Amino acid sequence: MWKQKLGISLGNHYDIPTVEVVDIVHSVGFDAVSPEWEDCDDLAALAEYARSLGMAVQSVHAPYGGAAKMWSEDPAVYTPVLDELTRVLDDCHAIGAPVVVMHAWIGFDNIPAPTQCGIDHYRILVDRARAYGMKIAFENTEGEDHLFALLDAFADCDNVGYCWDSGHEMCYNHSMDLLGMYGSRLIMTHVNDNLGISRFDGRTFWTDDLHLLPYDGVGDWDYNIARLKKSAALEYLNFELLNASKPDRHENDAYAAMTLTEYFTAAYMRACRIAYRLTRSEK
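Residue numbers for the sequence shown follow the working numbering, beginning at 635 and rising by one.
What follows is the structure in C-alpha cells.
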C-alpha cells in the first residue's frame with residue numbers, strides 16, 4: 635500500500651476565492667498546498683486556513699515575469715525585480731513556508747548567455763533565504779542554461795535545489811533528462827503532462843505548456859517514475875495542473891466543463907496512481 639503525501643499547486647485563475655479552492659483540494663484528499671505569491675493576496679490568511687484543515691504549506695511560487703531582468707547589469711532594470719523577490723522571501727518567512735520556487739529565465743527568443751551579475755543578484759536572495767532557514771528551488775523552464783548557471787553557482791549551498799517540472803522538461807527542454815542531472819538536489823516537483831512540442835521546426839512556445847493531468851498527454855510515466863525513484867526522496871509529491879486551455883488550444887476544455895470538485899478529484903486519482911507506483915517495488 636502506498637503512503638506518499640500529495641500536494642497541489644494553487645493558481646489565481648479560478649472563479650472562486652483561493653481559500654475556497656483550499657477547501658475543495660482538502661476535501662478530495664490532498665495533503666499540502668503550494669500557492670502563488672501575489673502582492674495583493676492575503677498569503678498569511680491562506681496559509682493559516684490551510685493549516686487549520688491539517689494541510690501543510692509546501693511551497694510558495696514566486697512571480698516570474700521579471701526573471702530575465704535579473705540578469706541585467708542595469709540597476710534600473712533588475713532592482714524592481716530583486717526587490718519584489720525579496721518581499722516574497724520576507725512574506726514566506728512570515729508564514730513559515732519552507733520553500734520558494736523561482737524561475738531562472740522567461741522568454742523564448744534571442745536568449746542571451748547567463749551573466750555573473752545575474753548570479754550575484756540571485757546570491758542576495760539565496761543568502762536571505764538561508765538566514766531565514768528557507769530553501770529556494772529553481773525550476774526548469776525555457777532557457778535552461780540559466781537554470782544550469784544557478785544550480786552550478788550554488789552547488790555548495792544546502793538551501794538551493796531543483797524544482798522539476800515534468801511538462802516543461804518535455805515541451806521547453808526538448809525532453810532533456812534534467813531530473814537525471816539534478817535529481818539528487820530535488821526539493822520540489824511540478825508534476826503534469828502535455829503533448830510535447832507542437833511545431834515541426836522544434837521551436838518551443840508557451841502554449842505547449844498545457845499542464846494536463848498525468849496520463850492525459852504523451853508523457854512516459856514509466857520513465858518518469860523510474861527517475862523519481864533515483865532522485866532525492868520528498869515528503870510531498872506536488873502536482874501543478876491547469877483546468878483551462880491555452881489560447882487557440884482545446885486540450886483542457888474537458889476539465890473546464892467539470893466542477894472544481896470533479897476536476898480536483900480526477901487530479902487526486904491520477905496523483906494516487908503515480909504515488910502508488912513510486913512507493914512500491916516493481917520488477
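Glycine residues also receive a C-beta, built at the ideal position from the N, C-alpha and C atoms.
Here the structure is a predicted model, which means the values were calculated and not measured.
My output table needs one value for Gly741: the three-state DSSP class, helix, strand or coil.
coil
Among Leu644, Gln692, Asp675, which residue has its Cα nearest to the Cα of Leu871?
Gln692
Report all residues from its chain with a CB closer than 7 Å to the CB of Gly853; omit the five preceding and five following residues, and keep chain order.
Ser800, Met804, Asp827
At the level of alpha carbons, what is the spacing between Met822 and Asp882?
30 Å
In terms of residue numbering, what span does the beta strand (DSSP E) encompassing Val794 cover?
794-799
From Ala728 to Ala678, what does the alpha carbon distance come to, in whole angstroms?
8 Å
Which stretch, first to last residue, makes up the beta strand (DSSP E) that contains Asn872?
In the DSSP assignment, Asn872 falls within the unbroken beta strand (DSSP E) covering 870-873.
Would Arg762 and Thr713 be called neighbours here (beta carbons separated by less than 8 Å)?
no
At the level of alpha carbons, what is the spacing between Val653 and Leu759?
Roughly 28 Å between the two C-alpha positions.
How many whole angstroms separate the CB atoms of Asp842 and Ser832, which I take to be in contact at a CB cut-off of 8 Å?
5 Å
Over the uninterrupted alpha helix (DSSP H) stretch that includes Val653, give me the two end residues.
652-662
Distance, Cα to Cα, Leu785 vs Val794?
Between Leu785 and Val794, the C-alpha separation is close to 7 Å.
For Leu687, count the other beta carbons within 10 Å of its own beta carbon; 16 or more makes it buried, fewer makes it exposed. Which is it?
By the neighbour-count rule (16 or more Cβ atoms within 10 Å), Leu687 is not buried but exposed.
Could I get the ranges of all uninterrupted beta strand (DSSP E) runs contained in the region 812-880, with 3 residues as the minimum, in chain order?
820-824, 870-873
Measuring CB atoms only, is the region 692-712 touching the region 657-676, in the sense that at least three cross pairs come out at less than 8 Å?
yes
Leaving out five residues on either side along the sequence, give the residues of the same chain with a beta carbon under 6 Å from the beta carbon of Val662.
Phe898, Thr899, Tyr902
Ala771 to Ala888 span [Cα, whole Å]:
32 Å
Run the CB neighbour count on Asn646, radius 10 Å, all protein chains shown included, and call it buried at 16 or more, exposed below.
Its Cβ having fewer than 16 others within 10 Å, Asn646 is exposed.
When His884, Arg764, Leu829 are compared against Gly851, the one with the closest alpha-carbon:
Leu829
Classification of Ile650 by the beta-carbon crowding that lies within 10 angstroms, buried from 16 upward:
Ile650 is exposed by the Cβ-count criterion.
Less than 8 Å between the beta carbons of Pro732 and His780, yes or no?
no
Enumerate in chain order the residues of its own chain whose CB-to-CB distance from Gln638 is below 7 Å, with the five nearest sequence positions on each side excluded.
Leu871, Ala909, Leu912, Thr913
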